[in-house]
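J.: In terms of this note's numbering, the sequence shown opens at residue 189 and continues consecutively. Every residue gets a Cβ at the ideal spot worked out from N, C-alpha and C, and that includes glycine.
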Amino acid sequence: MLYLNNIMELLGNSIQIKEINQIIRQVAPTDISVLITGESGTGKEVVANCIHEYSKRKDKAFITVNCGAIPEGIIESELFGHQKGAFTGAIENREGYFEMAAKGTIFLDEIGDMPLATQVKILRVLESGEFLRVGGNKNIHVDVRVVAATNKNLSQEVINKNFREDLYFRLRLVNIHIPPLRERKSDVKVLFEHFIDEVCKKNGIEYRGIEDDAMEFLINYVWYGNARELKNFCESIVVLNPNKKLALADVKKNLHSEFTQPRQLPAVPLITKDYSEKDLIMRALFELKSDILDIKKLLKYKDNEINSIQTDSDFFINRDRIKNMDDEEIDKEILVYLLRLHDWDVKKVSDNLNQTPRNVYRKIKKYNIIKNF
Ligand SMILES: Nc1ncnc2c1ncn2[C@@H]1O[C@H](COP(=O)(O)OP(=O)(O)OP(=O)(O)O)[C@@H](O)[C@H]1O
Ligand SMILES: [Mg+2]
189 MLYLNNIMEL LGNSIQIKEI NQIIRQVAPT DISVLITGES GTGKEVVANC
239 IHEYSKRKDK AFITVNCGAI PEGIIESELF GHQKGAFTGA IENREGYFEM
289 AAKGTIFLDE IGDMPLATQV KILRVLESGE FLRVGGNKNI HVDVRVVAAT
339 NKNLSQEVIN KNFREDLYFR LRLVNIHIPP LRERKSDVKV LFEHFIDEVC
389 KKNGIEYRGI EDDAMEFLIN YVWYGNAREL KNFCESIVVL NPNKKLALAD
439 VKKNLHSEFT QPRQLPAVPL ITKDYSEKDL IMRALFELKS DILDIKKLLK
489 YKDNEINSIQ TDSDFFINRD RIKNMDDEEI DKEILVYLLR LHDWDVKKVS
539 DNLNQTPRNV YRKIKKYNII KNF
């Protein structure tokens, strides 16, 4: 479980990556827990590793736990250990990952997949550093730094009641979000060169370069599988085209996207903490509103058009109005908003909500939403 990697920082020329490297250096020496979010393959594990490497804990253990891969029935004994006789098969006392990581770092990967009952216990460790072994009655105190990662949209998971709000707010005090590769095109070349170099050294291949138009194509490619997809691509292209300068045709031939769309939506960052679910939803709505305004600005809409959008969506974020709504009304309000935002493209709306299009159609019918805008 000990993680070894010689990469000491995220590679990339983009402002986003430079900022992330800076945040890593700022937070690494502290004991603050960090939540890393981003689509699959964006480099979350690299960030977790860097945080540990730059911390005073670097000579102690770095334990990675893939929360999504451990069956629900055993995750607590894996994390917190168990006492002899706690359950059938517990023939001796056993320490869990938290104890193994003492004075070091524990990396809770895929934390969005952690069962709700275990989430309460993680919160307790974060707040007091204490936990009980399964079947034990003695509080155990550990000094462990917690770093967590997910490619899920945790605020949405909170709304869907799959993730505890209190743990979410506790974790996201420091949230490092890695944007998808397609939003930081200036990183593609650096990563490409790095991965090509790695694979060539490993396989004793001499790299003969790449044509400009082929590089341009790679830079503008969507990379839904992010850096991981680029790395896999680099491995296959140089092995399949040894001793030649890579041309556009070679690139296109080897570029069969592993993914047809992003694996997960980026987390919607909320602004403040400890609020009720309604407040949480309202804040998410405020964020959506500012997103749409930003997009419009980016598209260089004229001032008066931006204003009209602002007025237009004001009906929807009226605080008092939303406060008095029940859950179904809020659900309907969000749906109407997204339908308007995506011009009734149900596929996009369902992607946004992380639901099936069929479910969205069912809701449109249930709430009797009529296209009158
Ligand atoms: N900025 C980067 N610099 C160097 N290597 C990177 C960078 N980003 C990603 N990689 C490499 O890409 C691969 C995928 O990264 P990583 O495993 O950290 O992604 P992830 O976000 O944890 O993905 P998942 O959600 O699927 O677990 C790894 O081999 C990693 O070393
Ligand atoms: Mg990972």
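When the Cα atoms are used, what is the spatial distance from K553 to N339?
T.: For this step, residue 553 is matched to residue 365 along the sequence shown. For this step, residue 339 is matched to residue 151 along the sequence shown. Approximately 31 Å, taken between the alpha carbons.
J.: Once the 5 residues before and after D500 are set aside, which same chain residues still bring their CB inside 7 Å of it?
T.: Within the sequence shown, residue 500 is the residue found at index 312, counting from 1. Residue confidence for D500 is low, a pLDDT of 37 falling below 50, so the modelled location carries little weight; the figure read from the coordinates is stated next. Within the same chain, D500 has no close Cβ partners at all.
J.: So what does DSSP say about T338, is it helix, strand or coil?
T.: Within the sequence shown, residue 338 is the residue found at index 150, counting from 1. Note: T338 maps to strand in three-state DSSP.
J.: In angstroms, rounded to a whole number, what distance separates the CA positions of V548 and S538?
T.: As a first step, residue 548 is located in the sequence shown; it is residue number 360 there, counting from the start. As a first step, residue 538 is located in the sequence shown; it is residue number 350 there, counting from the start. Roughly 6 Å separates the two Cα atoms.
J.: Bridge partners for V253 per DSSP, in chain order?
T.: Along the sequence shown, one-based indexing puts residue 253 at 65. Bridge partners of V253: L296.
J.: Pick out the complete alpha helix (DSSP H) segments inside the segment 524 to 549, 4 residues or longer, and give them in chain order.
T.: You should have 534 to 541.
J.: Look at the alpha carbon of L406 and the alpha carbon of C422, and state the distance between them as a whole number of angstroms.
T.: Counting from one through the sequence shown, the residue named residue 406 turns up at place 218. Counting from one through the sequence shown, the residue named residue 422 turns up at place 234. So the two alpha carbons sit approximately 11 Å from each other.
J.: So within the segment 216 to 280, which uninterrupted beta strand (DSSP E) runs reach at least 3 residues, ignoring any that extend past its ends?
T.: Taking only runs of at least 3 residues, the beta strand (DSSP E) segments lying wholly in the segment 216 to 280 are 222 to 225, 250 to 254.
J.: Rounded to the nearest angstrom, what separates N429 and H382 at their Cα positions?
T.: Stepping through the sequence shown from its first residue, residue 429 is reached at position 241. Stepping through the sequence shown from its first residue, residue 382 is reached at position 194. Answer to the nearest angstrom: the Cα atoms are 18 Å apart.
J.: Figure out for me which residue from I384, A415, A289 has the closest Cα to the Cα of K433.
T.: Your numbering for residue 433 matches position 245 in the sequence shown. Of I384, A415, A289, the residue nearest in Cα terms is I384.
J.: Checking the sheet assignment: what are the DSSP bridge partners for N363?
T.: The residue given as residue 363 occupies position 175 in the sequence shown. The partner list for N363 (beta bridge, DSSP) reads L223.
J.: Look up E574 in the DSSP assignment and say whether it is helix, strand or coil.
T.: Any question about residue 574 goes unanswered here, given that the chain covers just 189 to 561.
J.: Assuming S424 is part of the alpha helix (DSSP H), what are its boundary residues?
T.: As a working note, residue 424 is residue 236 in the sequence shown. 414 to 428 is the extent of the alpha helix (DSSP H) around S424.
J.: When you get a sec, list the residues whose CB is within less than 7 Å of any heavy atom of ligand 2, chain order please.
T.: Those residues are K232, E233, D297, A337, given in chain order.
J.: With C-beta atoms as the reference, is A305 less than 9 Å away from D331?
T.: The count along the sequence shown starts at 1 and reaches residue 305 at position 117. The count along the sequence shown starts at 1 and reaches residue 331 at position 143. Contact: no.
J.: Can the beta-carbon of D225 be found less than 9 Å from the beta-carbon of L342?
T.: Here residue 225 is taken as the residue at index 37 of the sequence shown, counted from 1. Here residue 342 is taken as the residue at index 154 of the sequence shown, counted from 1. According to the sequence displayed, residue 225 carries Thr and not Asp. Yes, these two residues count as a Cβ contact at 9 Å.
J.: Relative to the alpha-carbon of V313, which residue among R370, A435, G324, H329 has its alpha-carbon at the smallest distance?
T.: If you number the sequence shown from 1, residue 313 lands on position 125. Of R370, A435, G324, H329, the residue nearest in Cα terms is H329.
J.: Should F250 go down as buried or exposed, given a rule of 16 or more other Cβ atoms within 10 Å for buried?
T.: Within the sequence shown, residue 250 is the residue found at index 62, counting from 1. With 16 or more other Cβ atoms within 10 Å, it is buried.
J.: Using a Cβ-based criterion (distance less than 8 Å to any ligand heavy atom), does L199 qualify as near ligand 1?
T.: In the sequence shown, the residue the question calls residue 199 occupies position 11. Yes - ligand 1 has a heavy atom lying nearer than 8 Å to the Cβ of L199.
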